[in-house]
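For the record, the sequence lines run as chains A, B and C. Per our numbering, residue 96 is the first one in the first sequence, and the count goes up by one each step. Per our numbering, residue 82 is the first one in the second sequence, and the count goes up by one each step. Per our numbering, residue 5 is the first one in the third sequence, and the count goes up by one each step.
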Amino acid sequence: MISRSAFQRSCVVLGLLGLSAFLFYIGKGHTLLLDTNAVTLDGKELRSAETVEVSIDGKEPESMGRAERVMVTVAGPRHRVSIEVVSGGDKKVEGRLSIPTFMDTAVVSIPAILGEAPSRSWVTPFVPPPSEEAPAEKMQQQEETPGAPPPPPAKAPAAPNP
Amino acid sequence: MNSKLRLFFIENAVVILFILLIAVAIPVSGLPRQFLMQEILMRLGRNSFLVIALLLPIMAGMGLNFGMVLGAMAGQIGLIFIMDWGIVGIPGVLLAMIISLPISIFLGWLCGSIMNMAKGREMVTGFILAFFMNGLYMMIVLYAMGTLIPIMNPEMLLSRGYGIRNVVGLDGVRQCIDNLIPLKIGGLKIPVFSYLIIAAVSCFIVWFRKTKIGQDMRAVGQDRAVADAAGIPVERTRIMAIVISTVLAGIGQVIFLQNLGTINTTASHEQIGMFSIAALLIGGASVTRASIPNVLIGVTLFHLLFLVSPMAGKNLIGSAMLGEYFRQFVSYGVIAMALVLYEWKRMTQEHEARAELRGGAAPAKGAKGGAA
Amino acid sequence: MEGIKRFIADFGLPRVIITFYLLALFLAAPLVGVSLPASISDSLIRIGMNGIMVLAMVPMIQSGCGLNFGLSLGVIAGLLGATLSIEFGFAGVLGFVVAIGISQVFGAVFGYGYGKLLNRVKGGEMMIATYVGFSSVMIMSIAWLIMPYKSPTMIWGFGGEGLRTTISVEGFWRHILDDFLAVRIGDSFKFPTGAILVFVLVAVLIWAFFHLKLGTAVTAVGSNATYARASGINVNRMRIISVMMSTMLGGLGILVFEQSFGFIQLYEGPLYMAFPAVAAILIGGASVNKATLVHVFIGTALYQGILTMTPAIFNAVLKVDMSDVIRIIVSNGMILYALTRKTKVAK
């Protein structure tokens with residue numbers, strides 16, 4: 096059978112691993128892009144109002160127009176979102192956002208929340224647009240990357256081990 | 082009464098000397114007292130943990146643990162990872178510390194084992210080992226990260242595509258421990274939580290000294306041969322002291338860097354051994370004896386000197402570099418002095434022991450001769 | 005097979021590995037487009053540059069004072085010699101000789117004090133040497149700032165305070181040894197005859213010293229102090245002599261280094277100069293308490309060879325400059341190995 100101290104040690108290690116996973120979960124930083132652009136869901140087109148004020152987790156509300164994107168950084172998976180229509184309507188919506196842990200940057204669709212669409216459509220992953228760099232920049236990148244992942248460097252120099 | 086006072090002065094000569102030195106240097110530097118006090122309050126919170134990491138090896142008779150740098154490296158690696166993964170705030174700092182644990186334990190075990198192979202020369206060995214490990218650390222951080230070790234965030238890499246950048250900003254976790262419990266008294270910001278952590282680890286040290294392992298360590302520190310004869314596993318106890326020291330150094334480095342707000346990948350850890358050791362010695366500790374008050378007094382005095390030297394040098398001679406060199410001279414010099422005192426005392430003790438042996442033999446012979 | 009195993013055990017596995025590593029580098033050189041003559045020439049120049057500082061390690065190792073991590077004291081003596089020689093306006097061969105002369109005087113004085121200190125701390129010499137060395141560099145840094153030097157080539161321009169950090173010896177005695185009777189073959193090969201000659205000459209002098217009565221006394225102190233004392237040798241005096249020799253050689257060594265390098269490095273320059281010399285002699289086969297001239301030659305050759313070839317080859321093959329990291333790992337690893345070996349000699 097496992098000795099008592101080996102058992103204790105395994106418990107500690109497992110405990111730490113669990114704690115680490117938990118910390119990762121609640122500590123992961125996300126960049127939220129609050130987006131008031133119109134979205135199409137289930138054939139219906141949802142729009143935002145003329146001016147809305149959006150507040151995440153009770154922080155200072157951001158004033159947003161019809162087709163804007165505002166960046167907010169948060170930590171952890173769950174956040175309160177509070178949207179108040181200031182002009183072009185009269186509505187106040189409160190909801191809870193759930194950000195998948197491994198999604199670094201997420202797009203939060205304000206119209207979707209306003210239009211009371213199902214919550215799973217509120218948050219979508221952010222896909223960076225294909226780069227529109229000038230050809231010169233592109234060539235510079237290409238030159239630098241070939242040296243990038245050569246496995247040998249860490250092994251080749253036989254650093255003597257006594 | 083007079084002789085007690087004299088004894089007090091001799092025992093604490095270093096501390097008193099430094100207080101005098103700083104008392105003179107502060108007005109010369111012209112720095113405002115408010116500024117100095119705020120800086121000291123902050124630096125106490127930032128640096129004390131690292132200095133506390135040095136206590137156990139001293140207790141175990143292994144001298145000044147220059148190998149604490151290995152723990153600092155582990156802490157930095159932990160921070161690099163959490164920055165890469167985007168973990169922020171207290172969870173980030175905690176996770177960095179947890180990541181540093183296995184690395185610190187391994188490196189501490191390695192350091193302790195190597196020191197055991199060089200008994201009597203632990204300090205030089207630790208000193209050189211720190212440089213050696215620095216080479217390996219740079220190998221990992223500058224070459225393996227981004228290639229063998231996956232780094233998710235390309236912004237952390239050098240422009241060549243692999244290797245961590247020279248300076249890594251710790252934006253997500255900057256000052257998060259310090260600001261956890263904000264407190265302002267008289268316009269001075271006090272990092273309450275940092276102080277709580279230091280209090281906690283101090284209690285840990287005090288408690289540890291009373292445990293069986295702690296007592297074993299003290300015994301080993303007093304006299305290796307006697308401890309061995311008493312059945313204490315000397316080698317293992319010494320390794321344990323170094324492992325705990327390295328782990329504490331790792332955690333301490335995370336606290337330190339969280340306050341600074343940036344990691345200098347290649348340099349942040351290099352001087353930390355020397356600074357911490359110098360601070361401890363300035364606080365009145367010796368190679369064989371150190372306690373918590375030494376830590377706190379030492380950090381205060383060392384950093385006061387740090388702060389006032391450049392300006393004092395500038396005002397005295399017109400060169401800030403002078404103050405800087407003077408400060409470095411003092412740091413190196415105080416370590417040299419502590420080492421000299423230690424070896425000198427040791428030699429005197431051995432000399433006396435040998436003289437006793439010779440002196441003890443004579444009367445016996447005489448008695449024998451007399452009896453016969 | 006047994007013979008090979010014993011050879012490896014005696015010679016030390018790390019040294020075998022280092023030798024093979026260096027051989028591999030040399031063999032690879034022509035294959036990757038690195039000029040072999042240039043590499044050999046560079047290695048020879050560096051051997052000439054650094055050899056004497058490695059020699060400086062021998063006296064103290066032999067006398068039982070351990071590895072001289074405090075070589076910086078000797079370096080400082082050399083720096084004083086160099087700067088004072090330039091300050092007094094000497095140039096060329098005379099300038100170099102004056103520099104050497106001044107450095108030896110300072111070296112003797114520093115060495116004497118340093119030796120007396122080390123005698124008080126037998127057993128902990130190495131650590132104390134390191135920090136005494138560091139502290140002296142720092143005091144000298146303050147000194148360089150406030151000493152009343154006047155020579156315009158050495159002080160900061162615009163009426164600044166104190167000496168510059170790096171002082172060029174161009175026009176004074178740059179390459180004075182390297183170029184002396186140098187043998188040049190083609191474009192890329194230069195044999196620095198002067199420097200190598202001086203290195204060998206000093207080495208022979210050291211060898212001669214250790215075969216004299218005084219030298220054997222020093223060695224006796226190192227191998228068994230009690231026995232030496234019983235034989236009537238003044239242990240403390242021998243140790244001081246060895247420290248003085250080491251410091252004076254350090255002074256000479258840095259001057260030879262500077263004539264090849266072309267610059268005098270003040271302030272924090274000397275801080276870590278002991279370490280390469282320590283690593284080199286250990287790589288050559290010395291231990292903490294025994295060193296011979298063979299160790300010096302082999303060690304300097306191997307160490308400088310690695311330092312020259314590694315960046316050349318690595319840059320050519322991988323476009324990566326790992327030479328700094330490799331140097332740190334190899335030199336400190338070697339010192340570590342030496343520190344953790346059981347001393348074979350009884351105390």
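Here a beta-carbon is modelled for each residue, glycine too, at the ideal position from N, C-alpha and C.
Helix, strand or coil at residue i according to DSSP, with G and I counted as helix
| i | result |
| --- | --- |
| R173 (chain A) | strand |
| G124 (chain A) | strand |
| Q103 (chain A) | helix |
| M233 (chain B) | coil |
| E203 (chain B) | helix |
| G127 (chain C) | coil |
| M151 (chain C) | coil |
| I97 (chain B) | helix |
| K291 (chain B) | helix |
| T135 (chain A) | strand |
| M226 (chain B) | strand |
| Q236 (chain A) | Low local confidence applies: a pLDDT of 48 at Q236 (chain A) is under 50, so the model's placement there is unreliable, and no value is given. |
| R331 (chain C) | helix |
| P263 (chain B) | strand |
| G126 (chain B) | helix |
| G74 (chain C) | coil |
| G239 (chain B) | The sequence shown places Leu at residue 239 (chain B), not Gly. Note: L239 (chain B) maps to coil in three-state DSSP. |
| P41 (chain C) | helix |
| L269 (chain B) | strand |
| I258 (chain B) | coil |
| I159 (chain C) | strand |
| I186 (chain B) | helix |
Residue(s) in a DSSP beta bridge with residue i
| i | result |
| --- | --- |
| S158 (chain A) | A:E148 |
| F269 (chain C) | The question names Phe, yet the displayed sequence has Gln at residue 269 (chain C). DSSP output for Q269 (chain C) lists C:T170 as bridge partner(s). |
| F195 (chain C) | C:V187 |
| T168 (chain A) | A:T126 |
| L141 (chain A) | A:V134 |
| G250 (chain B) | B:T343 |
| V180 (chain A) | A:V147 |
| I133 (chain B) | In the DSSP output, where bridge partners are listed per residue, I133 (chain B) has none listed. |
| I139 (chain B) | None; I139 (chain B) has no bridge partner. |
| I245 (chain B) | B:L238 |
| I310 (chain C) | Paired residue(s): none; I310 (chain C) is not in a bridge. |
Near the ligand NAD: residue i beta-carbon under 7 Å from a heavy atom
| i | result |
| --- | --- |
| I21 (chain C) | With respect to small molecules bound, the structure shown includes none, and the ligand NAD cannot be examined in it. |
Subject >> Three-pair Cβ contact test at 8 Å for the region 332-350 of chain B versus the region 243-257 of chain B >> reply: yes
Original post:
Quick one: complete beta strand (DSSP E) runs, 3+ long, within the region 298-370 of chain B?
Top reply: 343-345
Subject >> Segment contact, 8 Å Cβ cut-off, at least three pairs: the region 55-68 of chain C with the region 136-155 of chain C >> reply: no
**OP:** Could you list the residues in the region 115-127 of chain C with a C-beta less than 8 Å from some C-beta on chain B, going in chain order?
**Re:** L121, R124, V125, K126, G127
**OP:** Could you list the residues in the region 330-359 of chain B with a C-beta less than 7 Å from some C-beta on chain C, going in chain order?
**Re:** none
Subject >> Touching by the beta-carbon criterion (3+ pairs, under 8 Å), the region 106-122 of chain B and the region 291-301 of chain B >> reply: no
Original post:
Is it true that the region 168-175 of chain A meets the region 97-108 of chain A, where meeting means three or more beta-carbon pairs spaced less than 8 Å apart?
Top reply: no
**OP:** Within the region 183-226 of chain A, note down every full beta strand (DSSP E) run reaching 3 residues or more, in order along the chain.
**Re:** 187-193, 200-204, 218-220
Subject >> Those runs of the alpha helix (DSSP H) which lie wholly inside the region 213-283 of chain C and span at least 4 residues >> reply: 217-227, 229-234, 239-265
Original post:
How about the region 126-146 of chain A and the region 212-223 of chain A: do they share at least three Cβ pairs that are nearer than 8 Å?
Top reply: yes
Original post:
Per the contact definition of three or more C-beta pairs closer than 8 Å, is the region 108-127 of chain C in contact with the region 287-305 of chain C?
Top reply: no
**OP:** Below 7 Å between beta carbons is the criterion; list the residues of the region 106-132 of chain A that meet it against any residue of chain B, in chain order.
**Re:** L111, L114, S115, L118, F119, I121, G122, K123, G124
Original post:
Would you call the region 229-244 of chain B and the region 140-157 of chain B in contact, with 3 or more CB pairs under 8 Å?
Top reply: no
Original post:
Should the region 278-287 of chain C be regarded as contacting the region 146-155 of chain C, the criterion being three or more beta carbon pairs within less than 8 Å?
Top reply: no
Original post:
Does the region 216-223 of chain C come within contact of the region 35-46 of chain C, defined as at least 3 CB pairs closer than 8 Å?
Top reply: no
Original post:
Taking contact to mean at least 3 C-beta pairs separated by less than 8 Å, is the region 187-201 of chain B in contact with the region 298-307 of chain C?
Top reply: no
Subject >> Contact list for the region 128-139 of chain B against chain C, Cβ threshold 7 Å >> reply: none
Subject >> the region 66-80 of chain C in contact with the region 131-138 of chain C per 3-pair CB rule at 8 Å >> reply: yes
Subject >> the region 172-191 of chain B / the region 324-335 of chain B touching (three or more Cβ pairs under 8 Å) >> reply: yes
**OP:** Taking only beta carbons into account, state which residues of the region 169-185 of chain A come closer than 7 Å to chain B, listed in chain order.
**Re:** A170
**OP:** Select from the region 194-218 of chain A all residues with a C-beta closer than 8 Å to any C-beta belonging to chain B, and list them in chain order.
**Re:** D199
Subject >> Near-chain C residues of the region 299-322 of chain B (beta-carbon distance less than 9 Å), N- to C-terminal order >> reply: none
Subject >> the region 84-95 of chain C touching the region 317-324 of chain C, judged by at least three CB pairs closer than 8 Å >> reply: no
**OP:** Please name the residues in the region 198-217 of chain B whose beta-carbon is closer than 8 Å to at least one beta-carbon of chain C, in chain order.
**Re:** M198, A199, G201, R202, M204, V205, T206, F208, I209, L210, F212, F213, N215, G216, L217
**OP:** Residues of the region 170-187 of chain C with a CB closer than 7 Å to any CB of chain B: list them in chain order, please.
**Re:** none
Original post:
What residues from the region 176-189 of chain B come within 8 Å of chain A, judged by C-beta to C-beta, listed N to C?
Top reply: L176, I179, I180, L182
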